[in-house]
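These notes are about the structure you will find just below.
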Amino acid sequence: MSPASGSVFGREGLGGLPIIDGHCHPLLRDFMAPTLDQFRRLLTESREQAILAHHAPALPLTRRLLQALGTLYGVPAEEAAVLEARTSQLDAARLRELFRAQHVAALLVDDGYPPNALSIEEMRRVLPCRVHRVLRLERLAETLILKGLEFEEFQAAFRAELEAAPAHGVVAFKSIVAYRSGLEVGPVTEAEARDAYEAVRREARGQERLRLVSKPLLDFLLGEALARAAELDLPLQLHTGFGDADLDLLKANPLLLRPLLTSQEARGAKVVLLHLGYPYYREAAYLAGLHSGVYVDCSLALPYLQETLVPVLRELLGLAPWTKLLYGSDLYGIPELYWFAAGLGREVVGRTLEMLVEDRMLTREDALRAAEGILAGNALTLYRLPQDAPAGPGPH
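Numbering-wise (the working numbering), the sequence shown opens with residue 671 and increments by one.
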């Protein structure tokens, strides 16, 4: 993708800047040979078969991806041709070439989704960049509940896992409470949490899987995790805004978090509002501009909205400093998507900053510093990441 911001950033645009994908998900276990259905699911939040069969291929983002992959593999920009070509052409050397071309230095991976995906260690053996783990809180809680522990044992085990997380390479916590019970998180006493836990434990008895939806327990655990995150200096990522079909979007407005963000538990904590809170990006920008510990991540909105995101980011940067904005993709499944999204993100960020320079809101030097921060620098600082990016072996 050629940079659209050359007139401001020079001939190479932002092409030489490193990128850290601050929020994404693992590769599929069969990432070398996904089915057509799996491939179509990669760029849509819908799980309706009619959408996947008839409408997903008509998404402009899907068309753009196919064009990029068709060019990459020298085949027509058609699903069947691309899927066939990549099985023989995607090897370790090609993967290193792709990640080097977009300067993808690191991925922060929430391994709580999808199921049947590679582990963090397996991804490190496959990808030519650093791979850092983000711990999903609800998955941890569900795993512990299924053990049938007493509440005090559960509470101690949950805290112990959080406190041990940095030693195991975790760079952030992540919550999907927006999906389960909404972002209007309120105070919960230990007695209320114990009662809620006992009810959940009874329902889970004898089950192999659990989807935790108890609001009192979820709110209590999020408060616990936020306090531990502050003590450990680990950011806590929160899903906000749009997402899968099981989300009540009205309960995913980041402004609902205001009481939590001003609570005792949040003192000293760093909270990352994922997905720009879209369509509530104004609310997300407001919170990031108001609270020193609140940051905004671009993932999902980027790449889904493509260049239509430019005016959104321009408006967001009117309220939130560029030091609070982080690049991310929210993508998963096949490694080319991390490369594809990085190029698109670089272009969208470049166009946005170019407009701000043209409108004399930023100087060229300001814009370059902003680009460096948004694409990688802010993540390096916030997540305290190492600055070198070793080349991994790639797939065999």
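All residues carry an ideal CB built from backbone N, CA and C; glycine is no exception. What you are looking at is a predicted structure, and each value in this text was computed from that prediction instead of being measured.
Check                                                                                                                      : Outcome
Straight-line gap, P704 to I1004 (C-alpha atoms, nearest Å)                                                                : 8 Å
Sequence ranges, alpha helix (DSSP H) only - wholly within the segment 675-724, length at least 4                          : 676-679 and 706-711
A915 (DSSP reduced to helix, strand or coil)                                                                               : coil
Of the listed residues L925, S999 and T714, nearest to G911 (C-alpha basis)                                                : L925
8 Å contact criterion, which Y849 and H909 should meet: CB distance rounded                                                : 6 Å
Three or more C-beta pairs below 8 Å linking the segment 790-797 and the segment 814-828                                   : no
Runs of beta strand (DSSP E) wholly within the segment 779-840 (minimum 3 residues, chain order)                           : 800-806
Continuous beta strand (DSSP E) assignments of at least 3 residues falling wholly in the segment 870-915                   : 906-908
Under the three-state DSSP convention, the category S962 falls into                                                        : coil
CB of L887 within 8 Å of CB of A863, strictly                                                                              : yes
Inter-residue spacing [alpha-carbon to alpha-carbon] between Q976 and L957                                                 : 24 Å
Backbone CA spacing between R795 and L712 [nearest angstrom]                                                               : 22 Å
Residues of its chain near R898, where Cβ-Cβ distance is below 7 Å and the 5 sequence neighbours each way are ignored      : R829, L832 and E833
L943: first and last residue of the uninterrupted beta strand (DSSP E) it sits in                                          : V941 to L943
Residues sharing a beta bridge with D1029, DSSP                                                                            : In the DSSP output, where bridge partners are listed per residue, D1029 has none listed.
Contact with chain C by P929, beta-carbon distance below 8 Å                                                               : Given the protein chain composition of this structure (a single chain), no chain C is represented.
Pairwise C-alpha distance: E985 and G1020                                                                                  : 15 Å
Backbone secondary structure at T1051 - three-state DSSP                                                                   : helix
R800, buried or exposed, once every other Cβ within 10 Å from all chains shown has been counted against 16                 : buried
Whether L807 touches A835 by CB criterion (8 Å)                                                                            : no
Distance CB(S843)-CB(Q907) smaller than 8 Å                                                                                : Ser is not the amino acid found at residue 843; the sequence shown has Phe there. Yes, Cβ-Cβ distance for F843 and Q907 is below 8 Å.
Through-space distance from H838 to D780, alpha-carbon basis                                                               : 14 Å
Beta-carbon contacts of Y867 that lie in its chain and below 7 Å, excluding the five residues immediately before and after : F821, F824 and L887
Straight-line Cα distance separating H693 from L1007                                                                       : 13 Å
Residues near P840 by beta carbon distance below 6 Å, same chain, minus five either side                                   : Per the sequence shown, the amino acid found at residue 840 is Val instead of Pro. The answer, listed in chain order, is R803 and L805.
Residue environment, V942, which counts as buried when at least 16 other CB atoms sit within 10 Å                          : buried
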